[in-house]
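Residue numbers (my numbering): 7 to 298.
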């Protein structure tokens, strides 16, 4: 914990700093210890409200004892997931008790499972991609605007965080709320209704097709298209490769903003006041994969 002296005119917020590794797939990896026994690499997932471990990783753990199982929903359908109660989680100097740990089929590349801000009990946290650190604050730090951050609203819905952005296609500006989702490696994934209502499949250049696997092994086909312009706050991004599901499958209910786009900003989330602070990170001008 860090605290500035009382003599300072601008007291810094108390905070814990957690280093992370950003993988080649833009997943945020944090090392953790479960039940003071099992060391695991967890993907920090902004829309995960639990701790989960993959079934492959669970083969190597010694301390997990499953309590029960239940049916769960995911992108591509459903699946059965076991869970284990009364576990502990330690990340650097932080310690969390009485946790439920879920099993899942998959997680991000090079990770053993997932953890999200809900588990870390932080209402104010920063993702600093420029320095590869996750910062948990007790209060909003002073001077964010003076240091170059822009402030925009975020929407908090039962723990899920959304931000508004504008897409411009053929001179038409379309406003949409995007789920902030560091577990998705792409840039943007548009929901089915938005794609169909705005005829995005026929108004943008299709550049590739692929299959996406969800956490429980379900496969869904996606198309990648070129979005001419995206506007987030005071930032404009041109020629952005985005994704959407093929046809009207009715499964993708929410548009998603993923880590290939999020990493281009250093972010401070103030969930208490539903505000997001962002500024360019060291990755802002980096080219997008597969575009030459």
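Where a beta carbon is used, it is the ideal one built from N, C-alpha and C, also for glycine. Here the structure is a predicted model, which is why all the values come from computation and not from measurement.
Reducing DSSP to helix, strand and coil, say where residue 42 ends up. Taking the chain shown and counting its residues from 1, the one referred to as residue 42 is at position 36. Three-state DSSP puts residue 42 in coil, outside helix and strand.
Determine the burial state of residue 43: buried for a count of at least 16 other Cβ atoms within 10 Å of its Cβ, exposed for fewer. In the chain shown, the residue the question calls residue 43 occupies position 37. Label assigned to residue 43: exposed.
Collapsed DSSP secondary structure at residue 266 in the structure displayed: Mapped onto the chain shown, residue 266 falls at position 260. Helix.
Limits of the unbroken alpha helix (DSSP H) element including residue 150: The residue given as residue 150 occupies position 144 in the chain shown. Unbroken run through residue 150: none, as it is neither H nor E.
Check whether the Cβ atoms of residue 57 and residue 28 lie closer than 8 Å to each other. Locating residue 57 in the chain shown gives position 51, counting from the first residue. Locating residue 28 in the chain shown gives position 22, counting from the first residue. The answer is no: Cβ separation not under 8 Å.
Which residue comes first and which comes last in the beta strand (DSSP E) that contains residue 245? For this step, residue 245 is matched to residue 239 along the chain shown. Start and end: 241-251.
If you follow the alpha helix (DSSP H) that residue 200 is in, where does it begin and where does it stop? Stepping through the chain shown from its first residue, residue 200 is reached at position 194. Taken as a continuous stretch (DSSP letters only), the alpha helix (DSSP H) holding residue 200 covers 198-203.
Using three-state DSSP, classify residue 123 as helix, strand or coil. Your numbering for residue 123 matches position 117 in the chain shown. Helix.
Collapsed DSSP secondary structure at residue 280 in the structure displayed: Here residue 280 corresponds to residue number 274 of the chain shown, with the count starting at 1. Reduced to three states, the DSSP call for residue 280 is coil.
In three-state DSSP terms, what is residue 62? Mapped onto the chain shown, residue 62 falls at position 56. Residue 62 falls in the helix class under three-state DSSP.
Using only the alpha-carbon positions, how far apart do residue 156 and residue 76 sit? Numbered from its first residue, the chain shown carries residue 156 at position 150. Numbered from its first residue, the chain shown carries residue 76 at position 70. Taking the straight line from one Cα to the other gives about 42 Å.
Backbone secondary structure at residue 75 - three-state DSSP: Here residue 75 refers to the residue found at position 69 when the chain shown is read from its first residue. In the structure shown, residue 75 sits in a strand (DSSP, three-state: E or B).
In terms of alpha-carbon separation, which member of 199, 276, 204 and 169 lies closest to residue 187? On the chain shown, residue 187 is found 181 positions in, with the first residue counted as 1. It is 169.
Tell me which residue opens and which closes the alpha helix (DSSP H) that residue 128 is part of. On the chain shown, position 122 is the one that residue 128 refers to. Residue 128 -> no alpha helix (DSSP H), and no H or E assigned at all.
Using 10 angstroms around the beta-carbon of residue 112, count the other beta-carbons present and answer buried if the total reaches 16, otherwise exposed. Against the chain shown, residue 112 aligns to sequence position 106. Answer is buried; the Cβ neighbour count reaches 16.
Within the same chain, show all residues whose beta-carbon is closer than 6 Å to that of residue 71, passing over the 5 residues directly before and after it, in chain order. For the purposes of this step, residue 71 is identified with residue 65 of the chain shown, where counting begins at 1. So the list reads 90, once near-sequence residues are dropped.
Residue 230 burial status per 10 Å Cβ neighbour count (16 or more: buried): Numbered from 1 along the chain shown, position 224 holds the residue referred to as residue 230. Its Cβ being crowded by 16 or more others within 10 Å, residue 230 is buried.
My assumption, with CB atoms under 8 Å, is that residue 261 sits in contact with residue 185. Please give the rounded CB distance. Reading the chain shown from its first residue, position 255 is the one you call residue 261. Reading the chain shown from its first residue, position 179 is the one you call residue 185. That pair is a contact at about 7 Å.
From residue 122 to residue 165, what distance separates their C-alpha atoms? By one-based count along the chain shown, residue 122 stands at place 116. By one-based count along the chain shown, residue 165 stands at place 159. Cα to Cα, the separation comes out at about 10 Å.
Inter-stretch contact at 8 Å, needing at least 3 Cβ pairs: the segment 266-275 / the segment 126-136: yes
Please classify residue 10: is it buried, with 16 or more other beta-carbons within 10 angstroms of its beta-carbon, or exposed? Counting from 1 along the chain shown, the entry for residue 10 is found at position 4. Any reading at residue 10 must be qualified, since the residue scores a pLDDT of 31, below 50, and its modelled position is unreliable; the value itself is stated next. Exposed, because fewer than 16 other Cβ atoms sit within 10 Å of the Cβ of residue 10.
With DSSP collapsed to three states, give me the class of residue 209. By 1-based counting over the chain shown, the position of residue 209 is 203. Reduced to three states, the DSSP call for residue 209 is helix.
Do residue 172 and residue 200 come within 8 Å of each other at the CB atom, strictly closer than that value? Counting from 1 along the chain shown, the entry for residue 200 is found at position 194. Counting from 1 along the chain shown, the entry for residue 172 is found at position 166. Their beta carbons are not under 8 Å apart, which means residue 200 does not touch residue 172 by this criterion.
From what residue to what residue does the beta strand (DSSP E) around residue 159 run? Within the chain shown, the letter at position 153 stands for residue 159. Residue 159 -> beta strand (DSSP E) spans 156-159.
Where residue 280 falls, given that 16 or more other Cβ within 10 Å makes a residue buried: Numbered from 1 along the chain shown, position 274 holds the residue referred to as residue 280. Label assigned to residue 280: exposed.
Alpha-carbon to alpha-carbon, residue 160 and residue 48: By 1-based counting over the chain shown, the position of residue 48 is 42. By 1-based counting over the chain shown, the position of residue 160 is 154. Roughly 25 Å between the two C-alpha positions.
Taking residue 136 as the reference, give the member of 105, 283, 269 and 163 with the closest Cα. As a position in the chain shown, residue 136 is number 130, starting the count at 1. Checking every option, the nearest Cα to that of residue 136 belongs to 269.
Hey, out of 114, 118 and 106, whose CA is closest to residue 124's CA? Numbered from its first residue, the chain shown carries residue 124 at position 118. Selected option, being the one with the closest Cα: 106.
Should residue 173 be listed as close to the ligand ZN, given that the test is whether its C-beta is under 7 Å from any heavy atom? The ligand ZN is not among the ligands present in this structure, which contains no ligands whatsoever.
Excluding sequence positions up to five away, which residues of its chain have a Cβ less than 8 Å from the Cβ of residue 6? In the structure as shown, the chain begins at 7 and stops at 298. Residue 6 is therefore absent and cannot be evaluated.
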